[in-house]
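Chemist:
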Amino acid sequence: MNRRAHHPRTRPDRAMVLVLVLWAIAVLALVAGGLAFAVRQNTAVAMIRNDRCAARWLARAGVERAIAELTDDLADVDCLDDSWADNPTAFEDRELAGGTFSVVHGDQDAMLTIYGATDESAKLNLNAASHEQLMKLPDMTSPIASAIIDWRDDNEEPEADGIERSHYLALAHPYNIRNGPFRTVRELLLVRDVTEDLFYGEDVNLNGLLDAAEDDGLASDPPDNGDGRLTQGWATYLTVYSYERNVNADGDRRLNIKTADESSLAQRLDLEAWAAKSIIKAREQKQFEHLVDLLEVKRHPETAGADEDFHDRSPSEKDSAVTETMFKAIVDQITLVDDEILSGRININTAPAVVIRTLPSLSEETADAVIRRRDAIGYFESVGELLDVDGIDRSAFGKLENSVTIRSNVFRIVSVGRSASGLARGAIECVVDRGGRSPRILYWQESP
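Plus 380 on top of the position in the sequence shown (first one is 1) and you've got the working numbering.
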């Protein structure tokens with residue numbers, strides 16, 4: 381029987397096998413390492429996505445919390461003591477499943493961090509401001525103020541130093557003038573000579589807070605002076621949303637003193653019959669131009685001795701149909717127009733000094749007196765209380781009465797959500813109108 385010859389494996393064969401095994405192990409190790417890296421990467425990406433999603437919804441929760449505070453506020457007067465205005469308990473780093481949210485902005489006067497919503501009626505309305513009011517903004521020039529008015533008016537007739545459509549169509553990258561109301565404040569950047577520096581100041585993200593990049597000189601954008609204070613631009617003080625409904629604190633339509641009959645004046649304003657009749661007689665002689673004109677109405681001769689007074693009148697006011705004390709009480713009940721919406725009125729309880737100074741007929745000194753008076757009493761319960769401010773007489777009040785209010789309807793909410801891991805942040809900026817039956821979103825922007 382033949383036996384198969386046995387040839388022992390040579391050493392080179394063994395070495396080749398070893399090399400192949402080592403190469404296989406190396407390849408498998410690389411594949412395993414790559415798979416592990418890919419898994420870790422995918423896991424990290426998934427975690428970041430989850431964190432970003434959580435941060436976004438945490439920011440949304442902050443918005444809903446702020447809207448709840450606004451809708452629950454049933455006070456007759458809106459001021460900075462309200463729960464929506466500065467409420468760290470409700471709005472500072474509130475913990476929820478997955479992280480926290482904060483509703484935050486900066487104080488325009490004191491440069492403090494405020495936890496709450498911002499009142500849009502604390503700002504000057506671009507669509508209602510006069511040339512005089514615009515000129516009171518910091519660094520404003522007459523040509524820019526005129527260009528703003530030309531942008532929003534509905535004609536092609538330029539202001540004295542303004543500009544109309546032809547200027548914008550002649551630009552290297554032409555565009556049309558609006559010739560209608562501004563739709564957003566940022567639209568102001570399209571107006572001739574309005575620069576980003578004038579618009580934003582150092583606050584390029586418009587959060588009202590002095591961020592690190594806004595206080596490092598020229599080290600990073602935006603350029604700033606590094607003085608430890610936030611130089612704010614016009615955007616901080618302007619709005620396109622503010623309005624007041626032409627109703628009293630109870631939601632009833634105000635009484636038009638230009639057209640109301642004697643009975644309505646007496647009943648709605650709680651006046652004596654002689655006072656109501658005297659108002660009618662005075663109106664027949666000269667139509668009222670201002671609400672404060674009621675203070676000039678004296679007892680008409682036909683009403684002499686007609687009835688007893690049930691309002692306390694001083695000897696100097698015994699023949700006044702409406703005294704200053706009475707006027708302060710009824711000014712929220714009366715109007716000179718039948719319009720349902722009164723645009724652009726500034727809330728004297730919430731506006732910062734820069735905005736108060738834009739009110740018609742007020743000098744800077746008188747505007748500062750308004751702020752001091754507000755600080756002393758807490759808040760104004762009636763716009764008529766402006767008559768108690770040094771420098772505001774009846775004539776001055778008549779010029780500004782159509783520009784002021786003590787109630788607000790539209791608010792800006794900036795809510796920041798942060799994931800529990802600290803890896804993700806989400807922010808929502810929105811504008812909410814609570815003046816109707818239910819809150820309405822007028823503006824919404826999300827950012828990482």
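C-beta: ideal position from N, C-alpha, C; glycine also.
For the beta strand (DSSP E) that contains S795, what are its first and last residues?
Modeler: 790-799
Chemist: So, with DSSP's three-state summary, where would you put I714?
Modeler: strand
Chemist: Residue range of the alpha helix (DSSP H) that T746 falls in?
Modeler: 744-757
Chemist: Short of 6 Å in beta carbon distance, which residues of its chain neighbour H485, apart from the five on each side in sequence? Order them along the chain.
Modeler: I494, T498, G588, V794
Chemist: Express the C-alpha separation of I447 and C459 in angstroms, rounding to a whole number.
Modeler: Here the C-alpha atom of C459 lies approximately 16 Å from the C-alpha atom of I447.
Chemist: Tell me the start and end of each unbroken beta strand (DSSP E) in the stretch 661-697 that is at least 3 residues and wholly inside, in chain order.
Modeler: none
Chemist: Should D452 go down as buried or exposed, given a rule of 16 or more other Cβ atoms within 10 Å for buried?
Modeler: Label assigned to D452: exposed.
Chemist: So for M381, helix, strand or coil by DSSP?
Modeler: Low local confidence applies: a pLDDT of 49 at M381 is under 50, so the model's placement there is unreliable, with the coordinate-based value given in what follows. Coil at M381, not helix or strand.
Chemist: Could you name the residues of the same chain whose beta carbon sits closer than 8 Å to that of G560, not counting the 5 residues immediately before and after it, in chain order?
Modeler: Here the set comprises R532, D534.
Chemist: Cβ of L780 within 7 Å of Cβ of V620?
Modeler: no
Chemist: How many angstroms separate the CA atom of T703 from the CA atom of E697?
Modeler: 7 Å
Chemist: Nearest-angstrom Cα distance between G450 and V419?
Modeler: Reading off the sequence, residue 450 comes out as Leu, not Gly. Straight-line Cα distance between these residues: approximately 46 Å.
Chemist: By a C-beta neighbour count over all protein chains shown, 10 Å radius and 16 as the cutoff for buried, is D583 buried or exposed?
Modeler: Flag for D583 reads buried.
Chemist: Taking 7 Å as the limit between beta carbons, can you name the residues of its chain near Y617, skipping five residues before and five after?
Modeler: A distance below 7 Å between beta-carbons, with the five flanking residues on each side excluded, links Y617 to the following residues of its chain, in chain order: K503, L504, L517, V734, V735.
Chemist: With C-beta atoms as the reference, is L722 less than 7 Å away from E624?
Modeler: yes
Chemist: Among H547, Y548, A527, which one has its Cα closest to the Cα of A540?
Modeler: Nearest to A540 by alpha-carbon distance, out of H547, Y548, A527, is A527.
Chemist: Looking at C-alpha atoms only, which residue of D456, Y823, G414 is the closest neighbour of E761?
Modeler: The shortest C-alpha to C-alpha distance from E761 to any of D456, Y823, G414 is the one to D456.
Chemist: When the Cα atoms are used, what is the spatial distance from G563 to V769?
Modeler: Note on residue identity: the sequence assigns Arg, not Gly, to residue 563. Taking the straight line joining both Cα atoms gives about 35 Å.
Chemist: By the three-class DSSP mapping on this structure, what secondary structure does R436 have?
Modeler: helix
Chemist: Among all the DSSP beta bridges, which residues are the ones paired with V457?
Modeler: BP columns for V457 are empty, so no partner.
Chemist: Have a look at L671, G496, R737 and flag the residue whose alpha-carbon is nearest the alpha-carbon of M706.
Modeler: L671
Chemist: Can you tell me whether W464 is helix, strand or coil according to DSSP?
Modeler: coil
Chemist: Hey, could you find the ends of the beta strand (DSSP E) R805 is sitting in?
Modeler: 805-813
Chemist: Alpha carbon to alpha carbon, how far is D473 from L716?
Modeler: The straight-line gap from Cα to Cα measures roughly 46 Å.
Chemist: Is it true that the CB of F481 sits closer than 7 Å to the CB of A434?
Modeler: no
Chemist: Going by DSSP in three states, R394 sits in which element: helix, strand or coil?
Modeler: Here R394 sits in helix by DSSP.
Chemist: Please check the pair E745 and G771, which I expect to be a contact at CB under 8 Å, by giving their CB distance rounded to whole angstroms.
Modeler: 7 Å
Chemist: Where does the unbroken beta strand (DSSP E) through W824 begin, and where does it stop?
Modeler: For W824, the enclosing beta strand (DSSP E) starts and ends at 820-827.
Chemist: DSSP three-state call for L635: helix, strand or coil?
Modeler: strand
Chemist: For N556, name the three-state secondary structure that DSSP assigns.
Modeler: coil
Chemist: Going by DSSP in three states, R817 sits in which element: helix, strand or coil?
Modeler: coil
Chemist: Figure out for me which residue from I821, Q825, A804 has the closest Cα to the Cα of N430.
Modeler: A804
Chemist: According to DSSP, which residues form a beta bridge with H485?
Modeler: Looking at the DSSP assignment, H485 forms a beta bridge with I494.
Chemist: Exposed or buried, which one is D719 when buried takes at least 16 other CB atoms within 10 Å?
Modeler: exposed
Chemist: Is L822 near the ligand FAD, in the sense that its beta carbon is under 6 Å from a heavy atom of that ligand?
Modeler: Only the bare structure without any ligand can be found here, which leaves the ligand FAD out of the picture.
Chemist: Determine the closest residue to V378 out of S694, A701, A656, T683, with distance taken between C-alpha atoms.
Modeler: Past the edges of the chain, shown from 381 to 828, lies residue 378, and the structure says nothing about it.
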